[in-house]
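Residue 4 is where the sequence shown starts when you use this note's numbering, and the numbers rise one by one after that.
Don't be surprised by glycine CBs; every beta carbon is placed ideally from N, CA and C.
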Amino acid sequence: MINRIPASDISPTIWFGGEFVPVKTIPFEKFKVEATVIREGHDAFGAQAVVLDSKGLEVCRSVMHEVSPGTNRYETWVNTNGLGEFTFHIETYDHPFLTWEHDGEIKISANVDADLMCEIGALLYEETIASDKNAKKLLEPLIKQLRDTKVDAATRFSWATTPEVREYFHFNPLKKLVSKSDSYPVRSDRDRALVGAWYEFFPRSEGGNFKNAQKRLAGVKDMGFDVLYLPPVHPIGVQFRKGPNNTLTPGPN
4 MINRIPASDI SPTIWFGGEF VPVKTIPFEK FKVEATVIRE GHDAFGAQAV
54 VLDSKGLEVC RSVMHEVSPG TNRYETWVNT NGLGEFTFHI ETYDHPFLTW
104 EHDGEIKISA NVDADLMCEI GALLYEETIA SDKNAKKLLE PLIKQLRDTK
154 VDAATRFSWA TTPEVREYFH FNPLKKLVSK SDSYPVRSDR DRALVGAWYE
204 FFPRSEGGNF KNAQKRLAGV KDMGFDVLYL PPVHPIGVQF RKGPNNTLTP
254 GPN
């Protein structure tokens with residue numbers, strides 16, 4: 004089923020072998036998330052990228068911005084907060100504040116339903132305070148100002164849409180019609196996963212056994228290698244056998 008405010012063409016995602024390949028990153032490294040977001044009608048909407056850890060706890064949330072006006076392509080940057088398995092998804096929602104701000108600028112400047120637009124703003128701010136008590140200090144005085152009919156509507160509207168107010172609603176939007184995309188895997192590895200020089204080390208080339216071969220490791224490190232790669236070791240015996248292509252279930256041949 005398509006969401007009310009759908010997010011599609013989500014990136015970074017790679018479908019391979021019947022499943023999504025995890026995004027590769029390291030702790031606190033920013034990676035870009037993109038999506039195409041649309042909705043019906045003219046009301047405003049918002050989108051955020053959300054990262055969850057393996058326990059389902061939110062570790063990062065970031066507001067998405069339209070890449071270029073009119074493209075409906077949105078992006079932002081997020082990160083993990085440690086090693087292990089994570090997921091990310093896109094959350095979309097109706098954005099009442101942006102809709103009211105847009106409509107208010109048009110109608111109040113044209114003196115069309117000016118007082119009504121101020122009252123709609125006051126009701127919107129009351130609803131916001133009810134859902135976020137931290138907004139009370141900022142928005143409660145503005146509710147009184149929006150309802151002060153002794154002041155012209157244009158002035159009241161300007162008081163209620165200052166940069167501080169816009170910043171608050173940018174990061175703490177009042178959300179309605181919230182939709183969530185599918186979740187996509189993220190694997191957060193050690194820093195060495197980004198780049199490193201690998202040395203393929205064949206213990207048999209040193210002769211003797213693993214203990215003798217260990218003496219060569221210091222020389223490998225001195226050459227500037229970061230990662231030691233040991234080729235598969237095929238035991239001779241009954242247990243832990245390997246077959247062609249490292250299969251763990253070898254046949255008689």
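Where does LEU197 land, buried or exposed, given buried means 16+ other C-beta within 10 angstroms? Classification for LEU197: exposed.
How big is the Cα-Cα spacing for TYR98 and SER182? Note that residue 98 is His in the sequence shown, not Tyr. Cα to Cα, the separation comes out at about 12 angstroms.
Closest to PRO72 by CA distance: which of VAL62, THR39 and GLN51 is it? Closest by alpha carbon: THR39.
Where does the unbroken beta strand (DSSP E) through GLN2 begin, and where does it stop? Outside the shown range of the chain, which is 4 to 256, sits residue 2, and nothing can be said about it.
Distance check for VAL168 and ASP118, CA to CA, integer angstroms please. For ASP118 and VAL168, the distance between alpha carbons rounds to 20 angstroms.
Considering only residues of the same chain and omitting the five flanking positions on each side of PHE31, which have a CB-CB separation below 6 angstroms? For PHE31, where only same-chain residues beyond five positions count, the Cβ hits under 6 angstroms are ASN82.
Contact defined as beta carbons within less than 8 angstroms: I believe TYR77 pairs with ILE8. What is the distance between those atoms, to the nearest angstrom? Not really, about 11 angstroms apart at Cβ, beyond 8 angstroms.
Compare the Cα-Cα distances from GLN51 to each of SER208, HIS173, ARG195 and TYR202 and report the closest residue. Closest by C-alpha distance to GLN51, out of SER208, HIS173, ARG195 and TYR202, is HIS173.
For LEU86, the nearest candidate out of SER134, PHE205 and SER191 (CA to CA): Comparing Cα-Cα distances from LEU86 to each of SER134, PHE205 and SER191, the minimum goes to SER191.
When burial is assigned at 16 or more other CB atoms within 10 Å of the CB, is VAL230 buried or exposed? Under a 10 Å Cβ-count criterion, VAL230 is classified as exposed, with fewer than 16 other Cβ atoms of the shown protein chains found around its own Cβ.
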